[in-house]
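Everything in the sequence shown is counted per full-length UniProt numbering, starting at 1 for the first residue and increasing by one.
Note that the Cβ used here is the ideal one computed from N, Cα and C, for glycine as well.
I have placed the structure first, in the form of C-alpha coordinates, so that the comments after it can refer back to it.
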Amino acid sequence: SVEYNVSYVYHAMYAYFDRDNIALKGLAKFFKESSEEEREHAEKLMKYQNIRGGKVKLHSMLMPPSEFEHEEKGDALYAMELALSLEKLTNEKLL
(Lines of atoms letter the chains of each structure in order from A and count residues from 1; the text may use other names and numbers.)
(Lines give C-alpha, C1' and ligand atoms only; values in the text may rest on other atoms or scores of the structure.)
Protein backbone atom coordinates (compact mmCIF):
# COMPACT_ATOMS: atom_id res chain seq x y z
CA SER A 1 0.00 0.00 0.00
CA VAL A 2 1.17 3.48 -0.84
CA GLU A 3 0.19 4.63 2.62
CA TYR A 4 2.57 2.16 4.27
CA ASN A 5 5.42 3.46 2.11
CA VAL A 6 4.59 7.07 2.96
CA SER A 7 4.39 6.14 6.64
CA TYR A 8 7.85 4.60 6.39
CA VAL A 9 9.33 7.74 4.81
CA TYR A 10 7.68 9.94 7.44
CA HIS A 11 9.13 7.71 10.14
CA ALA A 12 12.60 8.19 8.63
CA MET A 13 12.01 11.96 8.66
CA TYR A 14 10.97 11.74 12.31
CA ALA A 15 14.21 9.92 13.14
CA TYR A 16 16.26 12.48 11.21
CA PHE A 17 14.77 15.58 12.84
CA ASP A 18 14.88 13.97 16.30
CA ARG A 19 18.67 13.48 16.12
CA ASP A 20 20.74 15.44 18.63
CA ASN A 21 22.68 17.28 15.93
CA ILE A 22 19.50 18.33 14.06
CA ALA A 23 17.13 18.75 17.02
CA LEU A 24 14.07 20.18 15.29
CA LYS A 25 11.70 18.62 17.81
CA GLY A 26 8.56 20.24 16.37
CA LEU A 27 9.24 18.74 12.94
CA ALA A 28 10.16 15.42 14.53
CA LYS A 29 6.81 15.35 16.33
CA PHE A 30 4.95 16.35 13.15
CA PHE A 31 6.53 13.55 11.12
CA LYS A 32 6.03 10.97 13.86
CA GLU A 33 2.33 11.81 14.03
CA SER A 34 2.10 11.84 10.23
CA SER A 35 3.73 8.41 10.08
CA GLU A 36 1.23 7.02 12.57
CA GLU A 37 -1.69 8.59 10.69
CA GLU A 38 -0.62 7.11 7.34
CA ARG A 39 -0.15 3.68 8.94
CA GLU A 40 -3.66 3.90 10.42
CA HIS A 41 -5.05 4.76 6.98
CA ALA A 42 -3.30 1.73 5.48
CA GLU A 43 -4.69 -0.53 8.20
CA LYS A 44 -8.23 0.81 7.67
CA LEU A 45 -7.97 0.19 3.93
CA MET A 46 -6.75 -3.37 4.54
CA LYS A 47 -9.57 -4.02 6.99
CA TYR A 48 -12.12 -2.70 4.50
CA GLN A 49 -10.64 -4.81 1.71
CA ASN A 50 -10.84 -7.93 3.90
CA ILE A 51 -14.44 -7.18 4.87
CA ARG A 52 -15.36 -6.84 1.19
CA GLY A 53 -13.79 -10.19 0.27
CA GLY A 54 -10.59 -8.86 -1.25
CA LYS A 55 -7.10 -10.16 -0.74
CA VAL A 56 -4.46 -7.92 0.75
CA LYS A 57 -1.06 -8.18 -0.93
CA LEU A 58 1.79 -6.36 0.73
CA HIS A 59 4.86 -5.62 -1.33
CA SER A 60 8.39 -5.05 -0.15
CA MET A 61 9.31 -1.46 0.59
CA LEU A 62 12.39 0.40 -0.47
CA MET A 63 14.51 1.80 2.28
CA PRO A 64 13.74 5.51 2.64
CA PRO A 65 16.52 8.06 2.73
CA SER A 66 18.01 8.69 6.15
CA GLU A 67 19.40 12.14 5.40
CA PHE A 68 17.29 15.11 4.36
CA GLU A 69 19.97 17.78 4.03
CA HIS A 70 19.61 20.34 1.27
CA GLU A 71 22.21 23.09 0.87
CA GLU A 72 19.98 25.62 -0.92
CA LYS A 73 16.59 25.04 0.71
CA GLY A 74 17.58 23.81 4.13
CA ASP A 75 16.49 20.59 5.79
CA ALA A 76 13.06 21.70 6.99
CA LEU A 77 11.84 23.19 3.70
CA TYR A 78 13.18 20.23 1.73
CA ALA A 79 11.41 17.76 4.03
CA MET A 80 8.12 19.66 3.88
CA GLU A 81 8.27 19.81 0.07
CA LEU A 82 8.92 16.07 0.00
CA ALA A 83 5.98 15.51 2.37
CA LEU A 84 3.70 17.59 0.12
CA SER A 85 4.71 15.57 -2.94
CA LEU A 86 4.07 12.32 -1.02
CA GLU A 87 0.61 13.53 0.02
CA LYS A 88 -0.19 14.41 -3.61
CA LEU A 89 1.02 10.98 -4.76
CA THR A 90 -1.07 9.23 -2.10
CA ASN A 91 -4.13 11.21 -3.13
CA GLU A 92 -3.58 10.33 -6.81
CA LYS A 93 -3.24 6.63 -6.04
CA LEU A 94 -6.44 6.59 -3.98
CA LEU A 95 -8.58 8.26 -6.66
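Determine the contact status of residue i and residue j, defining contact as a CB-CB distance below 8 Å.
{"i": "D75", "j": "E81", "result": "no"}
{"i": "A12", "j": "S60", "result": "no"}
{"i": "R39", "j": "Y4", "result": "yes"}
{"i": "S85", "j": "L45", "result": "no"}
Mapping the DSSP letters down to three states, classify residue i as helix, strand or coil.
{"i": "R39", "result": "helix"}
Measuring from the CB of residue i, is there a heavy atom of the ligand MN at a distance below 7 Å?
{"i": "Q49", "result": "Ligands are entirely absent from the displayed structure, and the ligand MN is therefore not among its contents."}
Quick check on this structure: which residue in the options has the alpha carbon closest to the alpha carbon of residue i?
{"i": "A15", "options": "S1, V6 and F31", "result": "F31"}
{"i": "K29", "options": "N21, Y10, A42 and K44", "result": "Y10"}
{"i": "E37", "options": "A79, G26, V6 and E71", "result": "V6"}
{"i": "T90", "options": "K25, S34, E72 and V56", "result": "S34"}
What number of angstroms, rounded off, separates the C-alpha of residue i from the C-alpha of residue j?
{"i": "F17", "j": "L77", "result": "12 Å"}
{"i": "K73", "j": "H41", "result": "30 Å"}
{"i": "L95", "j": "K25", "result": "33 Å"}
{"i": "E92", "j": "N50", "result": "22 Å"}
For this session: Go through the UniProt domain "Ferritin-like diiron" (1 to 95) residue by residue and report every complete run of the beta strand (DSSP E) that reaches 3 residues or more, in order.
Result: none
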